[in-house]
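Okay, so here's the structure we're looking at.
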Amino acid sequence: MELKDAILQRRSVRSYTDAPISPETIEALVELAVKAPTGSGLQPWGFALLQDKAEIDALSEQIKKKVCENIAAYPEFAQYESWLKNEKYSIFNHAGTVLVIYGDTASPWCVYDCSLVAGNLMLLAEEQGIGTCWIGFAEALFDDPEFKQAHKVPANFKLVATLSMGFRKHETKPCERKAPVFFCK
């Protein structure tokens, strides 16, 4: 697949098969993804790989509960409150793999650098037929000290991106976007 095709075809995927993605495949994707540009060469990224479906499902329920009980603290999620109250809704789209990308706060550019890694990773996954979806709801839990300690994430790393990953249950159509707006040419 050409890079252009991966860009044109990549969509947020929210419906996955039960086929597992091997840890070796994820590690190979990450090894390529970290070839992203990095401010001052600091390479501030770190990763947590979750592949225990029971843990992923339990984390989804924890996040739903936390956000619903504290919805005023998460105004960006208020529009999704009915989803969060739906017992069938899974924040991670019932994925068997969740990759969490953290940035070392010693780098002032960690969010940018790690976002570039996430973008590379999503395109690389697309190339291999693996769907991804950036999960914003994860911010409600994955930066908590207890979660980070349980997953061996150093305290000086902060959450940048959480990706649900899996093989698509259904084909997706290429996305359409509005024309870019140039403020000056």
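Per numbering that gives the first Met the number 0, the very first residue in the sequence shown carries number 0; after that it's consecutive. C-beta: ideal position from N, C-alpha, C; glycine also. Keep in mind it's a predicted model, so treat the numbers as computed, not measured.
Output the distance between the C-alpha atoms of residue i and residue j, rounded to the nearest integer angstrom.
i: residue 90; j: residue 50; result: 15 Å
i: residue 107; j: residue 155; result: 12 Å
i: residue 62; j: residue 144; result: 15 Å
i: residue 120; j: residue 85; result: 30 Å
i: residue 147; j: residue 126; result: 31 Å
i: residue 71; j: residue 137; result: 16 Å
i: residue 159; j: residue 139; result: 12 Å
i: residue 17; j: residue 117; result: 23 Å
i: residue 123; j: residue 67; result: 34 Å
i: residue 113; j: residue 78; result: 27 Å
i: residue 157; j: residue 41; result: 15 Å
i: residue 69; j: residue 1; result: 44 Å
i: residue 82; j: residue 88; result: 6 Å
i: residue 100; j: residue 176; result: 26 Å
i: residue 105; j: residue 38; result: 12 Å
i: residue 57; j: residue 167; result: 22 Å
i: residue 178; j: residue 163; result: 28 Å
Does residue i come out as helix, strand or coil in the three-state DSSP assignment?
i: residue 84; result: helix
i: residue 154; result: coil
i: residue 146; result: helix
i: residue 33; result: coil
i: residue 47; result: strand
i: residue 11; result: strand
i: residue 116; result: helix
i: residue 159; result: strand
i: residue 140; result: coil
i: residue 90; result: coil
i: residue 264; result: Because the chain spans 0 through 184 in this model, residue 264 falls outside it and cannot be assessed.
i: residue 62; result: helix
According to DSSP, which residues form a beta bridge with residue i?
i: residue 79; result: The partner list for residue 79 (beta bridge, DSSP) is empty, contrary to what the question assumes.
i: residue 164; result: 96 and 131
i: residue 73; result: In DSSP, residue 73 forms no bridge with anything.
i: residue 101; result: 45 and 158
By Cβ distance, which residues of its chain are closer than 6 Å to residue i, with the 5 residues on each side in sequence left out?
i: residue 55; result: 49, 91 and 97
Skipping 5 residues on each side, what residues in its chain have a beta carbon closer than 7 Å to that of residue i?
i: residue 10; result: 171 and 174
i: residue 13; result: 92 and 132
i: residue 110; result: 102 and 159
i: residue 25; result: 48, 96 and 98
If contacts are defined as beta-carbon pairs under 8 Å, then residue i and residue j qualify, I think. What distance do you get, rounded to the angstrom?
i: residue 15; j: residue 165; result: 3 Å
i: residue 36; j: residue 115; result: 6 Å
i: residue 103; j: residue 45; result: 7 Å
i: residue 20; j: residue 129; result: 6 Å
Does any residue of chain D have a CB that is nearer than 7 Å to the CB of residue i?
i: residue 167; result: In the displayed structure, chain D is absent; only one protein chain is listed.
So, for residue i: in the same chain, excluding its five sequence neighbours on each side, which residues have a beta-carbon less than 8 Å away from its beta-carbon?
i: residue 186; result: The chain is shown from 0 up to 184; residue 186 falls before or after that span and cannot be answered.
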